Amino acid sequence: MSDGLRLAVLGDPLRYTRSLDLHRAGARALGYDCTSVALRTPIDALEETLARLAAEGYVGCNLTMPLKEPALALMHEVTPLAQRARSVNTVTFRASGPLGDTTDGPGFLDLLASLDRSPERDPVVILGAGGAARSLAVALTHAGAMVTVVSRHEPVHEEAWRGTAWCVWGSPEAHTALLAAHVVVNATPLTGDDAPLPVAECSRGTLLLDLTYGESLTPWVTAARAHGLEAFDGLGLLVHQARHSLSHWFGREVPLAPLAHAVGWPR
Numbered sequence: 004m005s006d007g008l009r010l011a012v013l014g015d016p017l018r019y020t021r022s023l024d025l026h027r028a029g030a031r032a033l034g035y036d037c038t039s040v041a042l043r044t045p046i047d048a049l050e051e052t053l054a055r056l057a058a059e060g061y062v063g064c065n066l067t068m069p070l071k072e073p074a075l076a077l078m079h080e081v082t083p084l085a086q087r088a089r090s091v092n093t094v095t096f097r098a099s100g101p102l103g104d105t106t107d108g109p110g111f112l113d114l115l116a117s118l119d120r121s122p123e124r125d126p127v128v129i130l131g132a133g134g135a136a137r138s139l140a141v142a143l144t145h146a147g148a149m150v151t152v153v154s155r156h157e158p159v160h161e162e163a164w165r166g167t168a169w170c171v172w173g174s175p176e177a178h179t180a181l182l183a184a185h186v187v188v189n190a191t192p193l194t195g196d197d198a199p200l201p202v203a204e205c206s207r208g209t210l211l212l213d214l215t216y217g218e219s220l221t222p223w224v225t226a227a228r229a230h231g232l233e234a235f236d237g238l239g240l241l242v243h244q245a246r247h248s249l250s251h252w253f254g255r256e257v258p259l260a261p262l263a264h265a266v267g268w269p270r
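Here the numbering used here = 1-based position in the sequence shown + 3.
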């Protein structure tokens, strides 16, 4: 093993994360010794925390809610993809200053491919218009997907939504979009009794993806499977986006299998 590398994941409240397991598994697959820590980080402490990690020799860190958009202003450089999505989930510490990138969109495209879905042939409905939805919309439209965003309020006109359609939540247009969708993504925090959508509104053969994950499957995913639909929680996206983050940090392609095994994906 080479000298130890230091990684972290930052968020608030950060009650549950498997990022540490993915960091260690990815490093181990390439022959690196790695330590990784989870740091609860409110927005007002982000700048100080990033500066401290850089000073202490950390290679990089992942950011989760609610830090992805506030991090933009704290980066020395931001990739075009992160700028368009207005979201940073991967920070690489460099001598010149931190580099911000987003791997959520590329990771989501990899997840779709692993589930035998293609942006070019499978229309996608995204429930919600927050930061997670922006990152996915940017990657999907760039890959040629037909994307419809369903939310209570029309998204603010900005670069991230270029090429997408929009329907108000609960409208006849939204119902029509759902029936035509091959992939439906829950990018809202709704779960449990406050399910984002009755699974019966989706057509047979639709793939449902819930971006939320926890120690067990989300109730929405469980209900979808009971209804005969293919459905997965956010653990799959976490695995695929982590592979991109680790590859950035290590400068080498990280294999998927050790990451999937480390967290029990698929489940």
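All C-beta atoms, glycine included, are put in the ideal place defined by N, C-alpha and C.
Bear in mind the structure is a predicted one, so any value in this text is a computation, not a measurement.
Separation of L25 from P261, as counted between CA atoms: Position 258 of the sequence shown, counting from 1, holds the residue named residue 261. Position 22 of the sequence shown, counting from 1, holds the residue named residue 25. One C-alpha to the other measures close to 8 Å.
Exposed unless 16 or more other CB atoms sit within 10 angstroms - verdict on I129: Sequence index remark: in the sequence shown, residue 129 carries index 126 (1-based). I129 is classed as buried because its beta carbon has at least 16 other beta carbons within 10 Å across all chains shown.
Nearest-angstrom Cβ-Cβ length linking A234 and L214, presumed shorter than 8 Å: Counted from its first residue, the sequence shown places residue 234 at position 231. Counted from its first residue, the sequence shown places residue 214 at position 211. At roughly 12 Å, the Cβ-Cβ gap does not stay under 8 Å, so A234 and L214 are not in contact.
Residue range of the alpha helix (DSSP H) that includes A88: Stepping through the sequence shown from its first residue, residue 88 is reached at position 85. P83 to A88 is the span of the alpha helix (DSSP H), which, as asked, contains A88.
Beta-carbon proximity of T93 to S138, cut-off 8 Å: Looking up residue 93 in the sequence shown gives position 90. Looking up residue 138 in the sequence shown gives position 135. Cβ distance not < 8 Å, so T93 and S138 don't count as in contact.
Coarse secondary structure for V12, derived from DSSP in three states: Against the sequence shown, residue 12 aligns to sequence position 9. Residue state, collapsed to three classes: strand.
Contact under 8 Å by Cβ, A177 with C170: For the purposes of this step, residue 177 is identified with residue 174 of the sequence shown, where counting begins at 1. For the purposes of this step, residue 170 is identified with residue 167 of the sequence shown, where counting begins at 1. Yes, the Cβ-Cβ distance between A177 and C170 is below 8 Å.
C-alpha gap between A11 and L249, whole angstroms: Here the question's residue 11 lines up with position 8 in the sequence shown. Here the question's residue 249 lines up with position 246 in the sequence shown. For A11 and L249, the distance between alpha carbons rounds to 12 Å.
DSSP state of A198 mapped onto helix, strand, coil: Position 195 of the sequence shown holds residue 198. Shown here, A198 sits in coil according to DSSP, grouped into three states, outside any helix or strand.
Close beta carbons around A227, own chain, < 6 Å, minus the five adjacent residues each side: Taking the first residue of the sequence shown as 1, we reach residue 227 at position 224. For A227, where only same-chain residues beyond five positions count, the Cβ hits under 6 Å are V202, L211 and A234.
8 Å contact criterion, which H273 and G110 should meet: CB distance rounded: Here the chain comprises residues numbered 4 to 270, so residue 273 is not present and cannot be evaluated.
CA-to-CA distance, T221 to D197, given in whole angstroms: Taking the sequence shown and counting its residues from 1, one reaches residue 197 at position 194. Taking the sequence shown and counting its residues from 1, one reaches residue 221 at position 218. Approximately 11 Å between the Cα atoms of the pair.
Three-state class that DSSP yields for D36 in the structure shown: Along the sequence shown, read from residue 1 onward, the residue named residue 36 stands at position 33. The answer is coil: DSSP assigns D36 none of H, G, I, E or B.
Cut-off 7 Å between Cβ atoms - residues of its own chain near R87, not counting five sequence neighbours on either side: Here residue 87 corresponds to residue number 84 of the sequence shown, with the count starting at 1. So the qualifying residues of the chain are V141, E162 and A163.
With 16 other Cβ atoms within 10 Å as the buried cut-off, status of A245: For this step, residue 245 is matched to residue 242 along the sequence shown. By the Cβ-count criterion, A245 is buried, with 16 or more other Cβ atoms from all chains shown falling within 10 Å of its own Cβ.
W169 (DSSP reduced to helix, strand or coil): Stepping through the sequence shown from its first residue, residue 169 is reached at position 166. Looking at W169 - three-state DSSP - the assignment turns out to be strand.
Where D213 falls: helix, strand or coil (DSSP): Indexing the sequence shown from 1 puts residue 213 at position 210. The answer is strand: DSSP assigns D213 an E or B state.
Length of the line joining the Cα atoms of R55 and V257: Position 52 of the sequence shown holds residue 55. Position 254 of the sequence shown holds residue 257. Going by the C-alpha atoms only, they are around 27 Å apart.
Sequence-distant residues of the same chain with beta carbon closer than 6 Å to A42, five excluded per side: Position 39 of the sequence shown, counted from the start, is the residue given in the question as residue 42. The amino acid occupying residue 42 in the given sequence is Leu; Ala does not appear at that position. Closer than 6 Å at Cβ, skipping near neighbours: A11 and L13.
Cα-Cα separation, M4 to T38: Reading the sequence shown from its first residue, position 1 is the one you call residue 4. Reading the sequence shown from its first residue, position 35 is the one you call residue 38. Per-residue confidence for M4 stands at a pLDDT of 39, beneath the threshold of 50, marking its modelled position as unreliable; the derived number appears in the next sentence. Near 13 Å, if we compare the C-alpha coordinates of T38 and M4.
Beta-carbon proximity list for F96, same chain, < 7 Å, skipping 5 on both sides: Within the sequence shown, numbered from 1, the residue matching residue 96 stands at position 93. Here the set comprises L56, A57, Y61, V62 and G63.
Alpha-carbon to alpha-carbon, E157 and A132: The sequence position of residue 132 within the sequence shown is 129, counting from 1. The sequence position of residue 157 within the sequence shown is 154, counting from 1. Note on geometry: alpha-carbon atoms of A132 and E157 lie some 8 Å from one another.
Proximity below 8 Å, CB of S206 to CB of L182: The sequence position of residue 206 within the sequence shown is 203, counting from 1. The sequence position of residue 182 within the sequence shown is 179, counting from 1. Contact: yes.
Outcome for H185 when other beta-carbon atoms lying within 10 angstroms are tallied against a minimum of 16: Position 182 of the sequence shown, counted from the first residue, corresponds to residue 185. So H185 ends up on the buried side.
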